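Participant: Before we start, here is the structure in question, set down as structure tokens.
In our numbering, the protein residues as written are 1010 to 1120.
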């Protein structure tokens, strides 16, 4: 199975880049008949103050931090996880890796 990757650079606070990344992940999931986008973020404690949390809004941010998934539409859901808790042997549809270190990216590469 071939693995597709894409990079959306976000060196400064740019809501358009975050929107593009989430939209691309959503459409990849929807078009392939998949149902889950896993948002992988470096640390749970810093997520609530991140650009991504701001983009998603207060309700979605709170739900994700509590371990709930949020509905992106068309039966596609978004979940939140951090690298140290991310199960490498799980069934992952789309992984959206954000602001990760090289060590954390090794975890994504092993999925």
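Here a beta-carbon is modelled for each residue, glycine too, at the ideal position from N, C-alpha and C. On a predicted model such as this, the values are computed, not experimentally measured, just so you know.
Going by C-alpha distance, which of 1117, 1036, 1114 and 1027 is nearest residue 1005?
Facilitator: Outside the shown range of the chain (1010 to 1120) lies residue 1005, about which nothing can therefore be said.
Participant: Taking the beta strand (DSSP E) that residue 1054 falls in, what are its first and last residues?
Facilitator: Premise fails: residue 1054 lies in the alpha helix (DSSP H), 1053–1056, not in any beta strand (DSSP E).
Participant: Can we say the region 1106–1119 touches the region 1063–1078, given the rule of at least three CB pairs closer than 8 Å?
Facilitator: Short answer: they don't touch.
Participant: Would you kindly check if the distance between the Cβ of residue 1073 and the Cβ of residue 1092 is under 8 Å?
Facilitator: Not a contact, by the Cβ cut-off of 8 Å.
Participant: Which residues bound the beta strand (DSSP E) around residue 1023?
Facilitator: Neither: residue 1023 is in no beta strand (DSSP E) and is coded neither H nor E.
Participant: Identify whether residue 1045 lies in helix, strand or coil by the three-state DSSP scheme.
Facilitator: In this structure, residue 1045 counts as strand in the three-state DSSP scheme.
Participant: Given residue 1070, which residues of its chain have a CB within under 7 Å of its CB, disregarding the five upstream and five downstream residues?
Facilitator: Excluding positions up to five away in sequence, the list reads 1057 and 1062.
Participant: Let me know if residue 1034 comes out buried or exposed under the rule of 16 or more other beta-carbons within 10 Å of its beta-carbon.
Facilitator: Buried is the call here.
Participant: Taking just the CA atoms, how far does residue 1022 sit from residue 1010?
Facilitator: The predicted position of residue 1010 is uncertain, since its pLDDT is 47 and thus under 50; a value taken from the coordinates is nonetheless stated next. Rounded to the nearest angstrom, the two C-alpha atoms are 35 Å apart.
Participant: For a test of the three-state rule: what should DSSP assign to residue 1080, helix, strand or coil?
Facilitator: Strand.
Participant: Nearest by alpha-carbon distance to residue 1097: which of 1081, 1052 and 1118 is it?
Facilitator: Considering only alpha carbons, the answer is 1118.
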